[in-house]
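Visitor: With the working numbering applied, the sequence shown covers 4 to 106.
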Amino acid sequence: MLKNTPWLKSMLFWIVLVSIIFLIFRCSTRQEQEKIASSNSYERLYDCMSKIPSQQQGAWFQHIQQRLSTQLNQKQMIELIRQCQSHKVGQNEQQWIEKIKQL
């Protein structure tokens, strides 16, 4: 049956190959997310939270502070950083230029 259908063999080969590559990628991504967060992640979170004016610090700010521990994994840390960034007020280009010139 498969002798007259080389395209089918080729298609099956590529489907299996792509599926295996996809599974390897998913496994490695999952393992990366489960690693303990690095000190750079804590630094990014600190940097974000320190730039929030005190009048804008609400329940979400205290929620982040309460969830902090040394055993956070990468996925949890990224969630906290995203929460912080969603509350951070953006600055326009001129404000950034002035800050850079002040360095």
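We treat Cβ as the ideally placed atom computed from N, Cα and C, and that holds for glycine.
Assign I39 to one of three DSSP states: helix, strand, or coil.
Guide: On the sequence shown, residue 39 is found 36 positions in, with the first residue counted as 1. DSSP places I39 in strand when its eight states are reduced to three.
Visitor: Whole angstroms is fine: what's the gap from N76's alpha carbon to Q60's?
Guide: As a working mapping, residue 76 is identified with position 73 in the sequence shown. As a working mapping, residue 60 is identified with position 57 in the sequence shown. Near 24 Å, if we compare the C-alpha coordinates of Q60 and N76.
Visitor: Does DSSP put N7 in a helix, in a strand, or in coil?
Guide: Mapped onto the sequence shown, residue 7 falls at position 4. Three-state result, N7: helix.
Visitor: For the alpha helix (DSSP H) that contains I100, what are its first and last residues?
Guide: Within the sequence shown, numbered from 1, the residue matching residue 100 stands at position 97. I100 -> alpha helix (DSSP H) spans E96 to Q105.
Visitor: According to the Cβ coordinates, are C51 and K91 closer than 8 Å?
Guide: Translated into the one-based positions of the sequence shown, residue 51 becomes position 48. Translated into the one-based positions of the sequence shown, residue 91 becomes position 88. The answer is yes: Cβ separation under 8 Å.
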